[in-house]
Amino acid sequence: MPTANGGGQCPPAARAANEVSNGSESGATATQNPPRRSGGEGRGRGTRVPREQRNPENEARNTQTHRGRHTKASITIASLNISGRGQISDATPLGKWNALNQTMRERKIGAIALQETHLDTTAVNQIHNLYGRRLRVFYSEGQNATAAEGVAIVLNREIVDLEGVKQSDLIPGRAIYLEMKWHKDSHLRILNIYAPNTKEEQLAFWPEIAAKMRNKHLPTPDVILGDFNVVEEAIDRLPVREDDNARVEALREFIRPTGLIDGWRLTEPTTKDYTFPVRGSMSRSRLDRIYVPKVLLDSSSKWEITTTGIPTDHRMIIAALSTAQAPHVGHGRWTMPLHLMDDKKFLDAAVKLGEQAEKKLATHRNGQNRSTEQNPQRIAHSYKTQIKALAQARAKEKTPYLQKELAKLRKSSKKLMTAKNYNEDLESQKKISLIQDKIQELELRRSRQLKLTSAANYALNREAPSKYWLLAA
């Protein structure tokens, strides 16, 4: 087949590599566009329709404009106790809010509930000045905002629609209720909780929230998440132990009427993982949780507890939710990373494999020497299989050291925690503590590197027509 510029045959190496990069296993089939109608057969693209011939219903429909951001049917939400406000300035790579901004961008988090934020109006204004292109903070401060308590829900402006967001402060610094648009006509109602520590305060805390919601006539939340400072099951503590029954029942009395369930535990019924590992100790607990209705749990695609580059002593819990109308989306098929198309080592190897394939194809021209085992189709399939294996191996080689090490540590951690005797094996518990500390250290280092790389790109490209030039404008 001639090439677009009038050349000869398209080399199989280039053709097959292109197919692999687009996720095709057998190549795409071109379809011919239907011929355009001539002026005598129908209306041309630029022809105006007389007003008297227009459909009034279509006219009214076409004049309607969509207000707000077009949102997807799926959204990733998260919860994290950030253990204080930390540094807000972007001048240092150690700042919590810079790391939070990076985390929401990398993981495409639409909304994250934060606890122990210690925010006040001045701090929130500073956050919006620095990171307002992506982050919008809805917060509730406690009696002593900068010293204790504080809750916030941070929305990602690149993902969610900020129009019509409604905030209700239920208990200052402890509970905040937020309603926002989700997808089309659906809304998402989120209740962010930072429960007190003591038994007496907790027993009064849950009835007070319920009463405040009734008084404000707030609908039942779709998601309740946060730091509950109590666990419902013994498996959620290490060493394994039951929490005080009165505290657990007070929480359950609050949750039960909502019909919401602990999504991570229902998804991982026997897994041992924790959101609050005590540094320097083997004690840990799953204090941070996300409760959702069964319909959202059934359509969810991911539940994860992970360590982030945000400086805090808690780990983040993440859930990927979808509306009931959203179709199920699987993992999809493998596609070659596009950056390999600029990788000389990969391209040289691909060309060499292509030349070998061409030599084999030459022996089968005009149907010669053809068999069920040796034919052009088999050769092409073998070539694409080799290209795929080569691309996967090369992509693994180019993976940064930190990502490789983090993946290795997480795999080791999961293997240790899934062992049957983990609860009694003190040696394994010590190893887990060391692994978690190492993961936290590497995540912080990776966050600093990303910050420095971003700053370098900005310095180099802010005078060139690029996204950095737009940021500098």
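The UniProt record's numbering numbers the first residue of the sequence shown as 1 and each following residue consecutively.
Every residue, glycine too, gets a C-beta built ideally from N, C-alpha and C.
The structure presented is a predicted model; accordingly, all values stated were derived computationally and were not measured.
Taking residue i as part of the alpha helix (DSSP H), name the residues at either end of that continuous run.
i: residue 215; result: 199 to 215
i: residue 156; result: Unbroken run through residue 156 is the beta strand (DSSP E), 151 to 156; no alpha helix (DSSP H).
i: residue 416; result: 401 to 417
i: residue 379; result: 376 to 398
i: residue 130; result: 121 to 131
i: residue 102; result: 96 to 107
Based on the DSSP output, what are the partners of residue i in its beta bridges?
i: residue 361; result: Paired residues: none, contrary to the question.
i: residue 306; result: 316
i: residue 237; result: 285
i: residue 223; result: 190
i: residue 74; result: 322
i: residue 112; result: 78, 154
Which same chain residues end up closer than 6 Å to residue i when comparing Cβ atoms and leaving out the 5 residues on each side of it in sequence?
i: residue 265; result: none
i: residue 225; result: 79, 113, 290
i: residue 243; result: 230, 231
i: residue 313; result: 83
i: residue 360; result: 379
i: residue 23; result: Any reading at residue 23 is ruled out, since the residue's pLDDT is 43, under 50, leaving its predicted position unreliable.
i: residue 157; result: 134, 136
i: residue 186; result: 323
i: residue 99; result: 309, 310, 447
i: residue 115; result: 81, 151, 194, 226, 227
i: residue 166; result: 179
i: residue 316; result: 78, 80, 306, 308
Since residue i is in the beta strand (DSSP E), which residue starts that stretch and which ends it?
i: residue 179; result: 175 to 181
i: residue 82; result: Where residue 82 is concerned, there is no enclosing beta strand (DSSP E), given that its DSSP letter is neither H nor E.
i: residue 187; result: 187 to 194
i: residue 140; result: 135 to 140
i: residue 168; result: 166 to 171
Using C-beta distances below 7 Å, list every residue in its chain close to residue i, excluding the 5 sequence neighbours before and after it, in chain order.
i: residue 153; result: 111, 113, 138, 176, 178, 190, 192
i: residue 416; result: 422, 428, 431, 432
i: residue 294; result: 261
i: residue 412; result: 435
i: residue 237; result: 231, 285
i: residue 446; result: 309, 402
i: residue 101; result: 131, 134, 135
i: residue 95; result: 86, 87, 88, 89
i: residue 228; result: 193, 195, 251, 287, 289
i: residue 254; result: 206, 209, 210
i: residue 44; result: Summary for residue 44: the model assigns pLDDT 45, below 50, so the residue's position carries little reliability, and this model does not support an answer.
i: residue 127; result: 88, 97, 135, 137
Measuring only between beta-carbons, confirm whether residue i sits less than 9 Å from chain B.
i: residue 393; result: Considering every chain present, this structure includes no chain B. It has just one protein chain.
State the CB to CB distance for the pair residue i and residue j, rounded to an integer number of angstroms; the pair is presumed to be in contact (CB under 8 Å).
i: residue 286; j: residue 275; result: 5 Å
i: residue 277; j: residue 444; result: About 15 Å separates the two Cβ atoms, so there is no contact after all.
i: residue 181; j: residue 161; result: 4 Å
i: residue 319; j: residue 263; result: 6 Å
i: residue 321; j: residue 109; result: Their Cβ separation, rounded to whole angstroms, is 12 Å, which puts residue 321 and residue 109 out of contact at 8 Å.
i: residue 216; j: residue 168; result: 6 Å
i: residue 323; j: residue 73; result: 5 Å
i: residue 442; j: residue 405; result: 6 Å
Grab me the residues of residue i's own chain with a C-beta within less than 8 Å of its C-beta, minus the 5 sequence neighbours each way, in chain order.
i: residue 267; result: 297, 300, 303
i: residue 203; result: 246, 247, 250
i: residue 348; result: none
i: residue 221; result: 177, 189, 190, 191, 258, 260
i: residue 142; result: 148, 149, 150, 172, 173, 174
Which residue spans inside the stretch 249 to 296 form an unbroken beta strand (DSSP E) run of at least 3? 288 to 292
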